[in-house]
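Every position in the sequence shown, counted from 1, becomes a number in the numbering used here once 38 is added.
Note sheet for the following structure.
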Amino acid sequence: MMSQHLQGTGDIPILFEDNHLLGITKPVNVPTQEDASGDPDLLTLLKQDLKERYNKPGNVYLGLVHRLDRPVGGAMIFAKTSKAASRLSETVRGRHFRKIYAAVVHGKLPAQQGTLKHTLLKDGSTNTVTVVPQGTVGGKDAVLDYQVIGETDRYSLVHIELHTGRSHQIRVQMKEIGCPLFGDQKYGASMNKPGQQIALWSAIAAFPHPVTKEEIVLQSLPPREFPWAEWPAAVYDKAFKAEH
Numbered sequence: 039m040m041s042q043h044l045q046g047t048g049d050i051p052i053l054f055e056d057n058h059l060l061g062i063t064k065p066v067n068v069p070t071q072e073d074a075s076g077d078p079d080l081l082t083l084l085k086q087d088l089k090e091r092y093n094k095p096g097n098v099y100l101g102l103v104h105r106l107d108r109p110v111g112g113a114m115i116f117a118k119t120s121k122a123a124s125r126l127s128e129t130v131r132g133r134h135f136r137k138i139y140a141a142v143v144h145g146k147l148p149a150q151q152g153t154l155k156h157t158l159l160k161d162g163s164t165n166t167v168t169v170v171p172q173g174t175v176g177g178k179d180a181v182l183d184y185q186v187i188g189e190t191d192r193y194s195l196v197h198i199e200l201h202t203g204r205s206h207q208i209r210v211q212m213k214e215i216g217c218p219l220f221g222d223q224k225y226g227a228s229m230n231k232p233g234q235q236i237a238l239w240s241a242i243a244a245f246p247h248p249v250t251k252e253e254i255v256l257q258s259l260p261p262r263e264f265p266w267a268e269w270p271a272a273v274y275d276k277a278f279k280a281e282h
């Protein structure tokens with residue numbers, strides 16, 4: 039892991055960088071790409087940083103390979119060449135890109151570990167996703183594995199591995215089983231207070247390097263603040279260990 043930070047971008051940690059890739063820890067509440075809010079977005083900030091750090095004239099290429107919802111932080115990878123972007127996108131489509139998240143949810147899950155399978159339908163006009171019967175027109179299968187790695191009286195800390203990359207997938211599937219994410223204003227408003235930060239974090243992103251084929255593992259652990267700090271750091275270190 040690199041301890042280097044990007045300059046002029048709100049102190050974004052670099053997890054990995056070479057001629058082909060840029061891996062960073064996404065800050066919470068920063069949109070991945072430009073949206074209607076007009077707020078500074080990650081893609082623009084990173085392009086500007088590359089332009090300044092490498093003194094590049096003209097436009098800088100940076101390919102968006104996967105996304106994180108605006109309130110979610112953690113490990114993300116970007117492609118610095120179009121070839122790397124194309125190959126990484128193929129890795130994502132072929133489901134050879136591992137995405138592991140940490141989440142704090144309300145209540146206790148039905149089992150200590152399991153697999154959730156639902157069909158999800160997105161309403162683009164409201165940017166919301168709902169669970170619908172299988173076979174519904176426009177519905178997409180959503181699959182994740184979960185493991186409970188910590189519990190308190192009110193909350194559960196969950197290790198989640200996505201097998202599909204549907205919009206708002208973890209948030210909707212956890213709500214569907216009665217365990218909405220802490221701080222989720224969209225899918226758990228009745229159980230959360232306005233202003234609370236959603237407790238969902240991209241802990242590990244792992245994939246074969248698009249050029250060298252070496253296994254790249256990016257690890258980013260959530261901040262030591264409530265509700266994450268309800269469990270000791272050792273719990274996270276063990277559950278989200280970056281293994282090559």
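Beta carbons: idealized from backbone N, C-alpha and C, even for Gly.
Just tell me which of the options has its CA closest to the CA of residue i.
| i | options | result |
| --- | --- | --- |
| ASN57 | GLN71, ALA74, ASP77 and LEU88 | LEU88 |
| GLY152 | GLN211, PRO95 and HIS104 | GLN211 |
| VAL98 | THR82, ARG105 and LEU106 | THR82 |
| VAL175 | ASP161, VAL181, PRO246 and HIS197 | ASP161 |
| ASP191 | PHE54, ASP79, ASP77 and TRP269 | TRP269 |
| GLU12 | PRO248, LEU259 and GLN257 | The first residue shown for the chain is 39 and the last is 282, placing residue 12 beyond what the model contains. |
| ASP49 | LEU59, ALA74, VAL143 and LEU80 | LEU80 |
| PRO4 | HIS206, GLY132 and GLU253 | With the chain represented from 39 up to 282, any question about residue 4 goes unanswered, as that position is not in the structure. |
| HIS144 | LEU84, LEU59, THR250 and ASP222 | ASP222 |
| GLY203 | LYS251, LYS137, ASN165 and GLN150 | LYS137 |
| LYS178 | TYR184, THR164, VAL255 and THR157 | THR157 |
| PHE245 | ALA280, TRP239 and PRO232 | ALA280 |
| VAL169 | GLY216, ARG133, GLN150 and TYR193 | GLY216 |
| VAL66 | PRO218, SER240, GLN150 and LEU126 | SER240 |
Tell me whether residue i sits in a helix, a strand or coil according to DSSP, three-state version.
| i | result |
| --- | --- |
| VAL110 | coil |
| VAL175 | coil |
| GLY46 | With a pLDDT of only 43 at GLY46, under 50, the local geometry of the prediction cannot be trusted, and no value is derived from it. |
| GLU90 | helix |
| HIS282 | Model confidence at HIS282 stands at a pLDDT of 48, short of 50, so the residue's coordinates are unreliable; what they give is reported in the following sentence. Reduced to three states, the DSSP call for HIS282 is coil. |
| ARG192 | coil |
| THR63 | strand |
| GLN231 | Correcting the residue identity first, residue 231 is Lys in this sequence and not Gln. DSSP places LYS231 in coil when its eight states are reduced to three. |
| TRP269 | coil |
| ILE208 | helix |
| PHE77 | In the sequence as presented, Phe is not what sits at residue 77; that position holds Asp. Looking at ASP77 - three-state DSSP - the assignment turns out to be coil, as it is neither helix nor strand. |
| MET40 | The predicted position of MET40 is uncertain, since its pLDDT is 41 and thus under 50; no value can be drawn from it. |
| GLU199 | strand |
Return the Cβ separation of residue i and residue j in integer angstroms, given the expectation that the two are a contact with Cβ distance under 8 Å.
| i | j | result |
| --- | --- | --- |
| ILE187 | LEU195 | 5 Å |
| ALA141 | ALA237 | 6 Å |
| VAL130 | VAL103 | 6 Å |
| ILE242 | PHE220 | Going by Cβ atoms, the distance from ILE242 to PHE220 rounds to 20 Å, so no, they are not a contact pair. |
| GLU90 | LYS146 | With 8 Å as the limit, GLU90 and LYS146 do not qualify as a contact, their Cβ atoms being about 48 Å apart. |
Taking only the alpha-carbon atoms, compute the straight-line gap between residue i and residue j and give it to the nearest angstrom.
| i | j | result |
| --- | --- | --- |
| VAL181 | THR119 | 31 Å |
| TRP266 | MET114 | 20 Å |
| GLU214 | LYS155 | 11 Å |
| ALA271 | HIS197 | 14 Å |
| PRO171 | LEU159 | 10 Å |
| GLY111 | LYS64 | 5 Å |
| GLU55 | GLY61 | 6 Å |
| GLN257 | ILE52 | 11 Å |
| THR70 | ARG105 | 6 Å |
| ASP275 | LEU259 | 8 Å |
| LEU84 | ASN165 | 26 Å |
| GLU253 | PHE135 | 10 Å |
| LEU59 | TYR184 | 29 Å |
| PHE264 | GLN234 | 10 Å |
| GLN86 | ARG133 | 31 Å |
Apply the 10 Å Cβ neighbour rule to residue i and answer buried if 16 or more other Cβ atoms are within range, or exposed otherwise.
| i | result |
| --- | --- |
| GLY173 | exposed |
| ALA117 | buried |
| ARG209 | buried |
| ASP77 | exposed |
| PRO148 | exposed |
| ALA227 | exposed |
| TYR92 | exposed |
| LYS224 | buried |
Is residue i a contact residue of the ligand NAD, with contact defined as CB to any heavy atom under 7 Å?
| i | result |
| --- | --- |
| THR202 | Among the ligands in the structure shown, none appear at all, so the ligand NAD cannot be discussed. |
Would you please verify whether the beta carbon of residue i is less than 8 Å from any beta carbon of chain D?
| i | result |
| --- | --- |
| ILE236 | The chain inventory of the structure shown lacks chain D, comprising one protein chain alone. |
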